[in-house]
Amino acid sequence: MNKERRRMDYLLLAAVAALLAIGTVVVFSASAQASFKQFGSPYYFVEHQLLWSVIGIIALIVASRIDYWRYNKLIFPGFVLSILLLIAVLIPHVGININGARRWLGVGSLQIQPSELGKLATIFLFARLFSLHRDRLNDLWKGVVPHILLASVIFVLVLAEPDLGTTVVIAGTFFVMMFVSGVKKRHLFELGGTAIPVLAAVIFAAPYRRQRIFAFLNPWKHPLGDGFHTIQALLALGSGGLLGVGLGYSRQALGYLPEAFTDFIFAILGEELGLLGTVSVVLLFMIVAWRGYRIAMRAPDMYSSLLATGLTTMIVIQAAINIGVVTATLPVTGITLPFISYGGSSLVLSMAGVGVLLNISKHAM
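For the sequence shown, the residue numbers in the working numbering are 6 to 370.
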């Protein structure tokens with residue numbers, strides 16, 4: 006290993022810090038009303054967000070100081086642990102059922118989302134395997150398919166929660182990592198051709214997913230049903246104009262827009278901070294993408310390059326899906342906006358992932 010150290014990527018760190026700061030402010034603004042109604046205090050959710058942010062910052066600092074290759078002995082146990090936790094989520098009276106989905110484990114307000122650990126575990130495992138088995142990846146059946154079958158364990162378990170959005174994030178990240186690792190383009194096209202009808206079958210097999218597709222095509226036809234979220238999000242964005250109505254003055258956050266400080270926080274951000282605020286956030290995510298892929302291109306070895314690619318792609322795909330949903334360019338799915346939405350395990354593990362990226366940047370060539 007090349008152990009020569011350089012300065013970490015401070016521009017990446019600054020972009021993530023800016024997103025975290027914006028997120029904390031908007032979470033407070035978007036959650037104050039709901040927090041007061043549920044807990045008698047407008048600060049309940051923002052206090053929890055601040056706590057998770059502090060834990061996330063600690064995770065980032067620790068991860069940035071641990072050389073990336075030192076995780077090697079933990080990769081397979083971490084993958085197995087994530088599988089066991091994803092199985093536990095599906096067990097009645099063990100996994101926490103919220104709105105028909107079993108995605109959480111925990112007691113009371115202390116909850117974790119195992120699929121978030123599954124994201125990181127998948128990235129670490131296949132960064133390692135692809136770097137070790139590069140000579141086999143030219144063969145579809147002996148090299149590519151076995152890796153896909155192993156990854157499918159995570160795909161199927163996350164999909165069973167059900168959580169199609171996170172499944173797409175993990176599968177999309179896995180696909181990009183295969184591309185970077187040198188899998189033949191012909192094989193990638195064949196796999197993509199197989200994945201599209203499978204995805205369509207998964208979507209249309211569930212009635213609620215079918216309804217979301219129909220509502221996406223014409224939300225105004227279902228204004229009080231599956232189109233409600235989309236319509237309210239568009240009203241929020243439209244109300245914001247160029248400069249927004251101001252922090253704390255959102256009308257949609259008063260109970261009109263469901264998931265206002267989680268999945269649809271980008272709409273509240275647009276209402277309160279306007280087009281200027283939403284464009285600024287998009288630009289910050291573009292900086293994260295630029296610096297992350299730059300780190301991947303300059304990484305000292307294939308393993309760290311794939312690791313940086315996977316961690317960056319995970320953030321980029323998740324942000325793109327969330328913003329796409331809020332702006333009605335994608336069907337509604339339960340995906341949070343990295344570093345901005347309210348959430349514990351998602352925020353902490355995303356920050357830890359950035360810490361790993363920063364560590365790789367210290368060794369970049």
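Ideal Cβ positions, reconstructed from N, Cα and C, are used throughout, including at glycine.
Pairwise C-alpha distance: residue j and residue i
| i | j | result |
| --- | --- | --- |
| Leu-18 | Ser-36 | 26 Å |
| Ser-244 | Leu-280 | 10 Å |
| Gly-187 | Asn-143 | 8 Å |
| Trp-146 | Ile-159 | 20 Å |
| Ala-64 | Leu-16 | 19 Å |
| Gly-275 | Lys-78 | 44 Å |
| Val-284 | Phe-271 | 11 Å |
| Phe-233 | Thr-178 | 30 Å |
| Val-173 | Ile-103 | 20 Å |
| Asp-140 | Gly-360 | 30 Å |
| His-227 | Thr-235 | 10 Å |
| Leu-91 | Leu-248 | 43 Å |
| Val-293 | Ser-157 | 28 Å |
| Val-59 | Glu-195 | 44 Å |
| Asn-7 | Ser-366 | In this prediction, Asn-7 scores a pLDDT of 45, lower than 50, which makes its location untrustworthy; the coordinate-derived value is nonetheless stated afterwards. In a straight line, the C-alpha of Asn-7 is about 12 Å away from that of Ser-366. |
| Ile-300 | Pro-263 | 37 Å |
| Tyr-298 | Pro-305 | 13 Å |
| Ile-153 | Val-30 | 40 Å |
| Ser-46 | Gly-253 | 15 Å |
| Met-370 | Pro-151 | 32 Å |
| Tyr-76 | Ile-175 | 20 Å |
| Gly-28 | Gly-230 | 28 Å |
| Ile-88 | Leu-162 | 8 Å |
| Leu-164 | Gln-43 | 31 Å |
| Leu-193 | Gly-148 | 13 Å |
| Phe-344 | Pro-212 | 32 Å |
| Ala-238 | Thr-332 | 7 Å |
| Gly-198 | Gln-54 | 41 Å |
| Thr-341 | Arg-191 | 33 Å |
| Ala-39 | Val-32 | 11 Å |
| Gly-339 | Ala-313 | 25 Å |
| Arg-11 | Met-302 | 15 Å |
Contact belief for residue i with residue j at Cβ below 8 Å, rounded distance in angstroms
| i | j | result |
| --- | --- | --- |
| Gly-315 | Met-183 | That belief does not hold up - the Cβ atoms of Gly-315 and Met-183 are roughly 10 Å apart, past 8 Å. |
| Thr-267 | Gly-348 | 7 Å |
| Val-185 | Leu-86 | Going by Cβ atoms, the distance from Val-185 to Leu-86 rounds to 26 Å, so no, they are not a contact pair. |
| Leu-169 | Val-207 | 7 Å |
| Val-286 | Leu-24 | 7 Å |
| Glu-121 | Leu-354 | 5 Å |
| Ala-205 | Glu-166 | Actually they do not touch by this definition, with Cβ atoms about 20 Å apart. |
Cutoff 6 Å; reference residue i; Cβ partners in own chain excluding five residues on either side
| i | result |
| --- | --- |
| Ala-265 | Ala-35, Ala-258, Ile-273 |
| Phe-84 | Ala-126, Leu-130 |
| Met-307 | Ser-136 |
| Leu-352 | Trp-57, Gly-61 |
| Gln-116 | Trp-109 |
| Ser-346 | Thr-267, Ile-270 |
Same chain, Cβ closer than 8 Å to residue i, neighbours up to 5 away in sequence not counted
| i | result |
| --- | --- |
| Leu-335 | Phe-221, Ile-326, Gly-329 |
| Leu-363 | Met-13, Asp-14, Leu-17, Leu-18, Leu-65, Ala-68, Ser-69 |
| Glu-9 | Because the pLDDT of Glu-9 is 48, which lies under 50, any placement of that residue in the model is unreliable, and the question is left without a value. |
| Leu-95 | Arg-107, Leu-162, Ala-165, Glu-166 |
Close-in-space but distant-in-sequence residues of the same chain around residue i (CB under 7 Å, 5 per side omitted)
| i | result |
| --- | --- |
| Ile-218 | Ile-208, Pro-336 |
| Asp-72 | Asn-364 |
Kindly provide the ranges of any alpha helix (DSSP H) runs that are 4 or more residues long and lie completely inside the stretch 67-122, ordered along the chain.
77-94
Please specify which runs of the alpha helix (DSSP H), each continuous and at least 4 residues long, are wholly inside the stretch 201-239, giving them in chain order.
212-222
Which runs of the alpha helix (DSSP H) fall wholly inside the stretch 160-185 and span at least 4 residues, in chain order?
none
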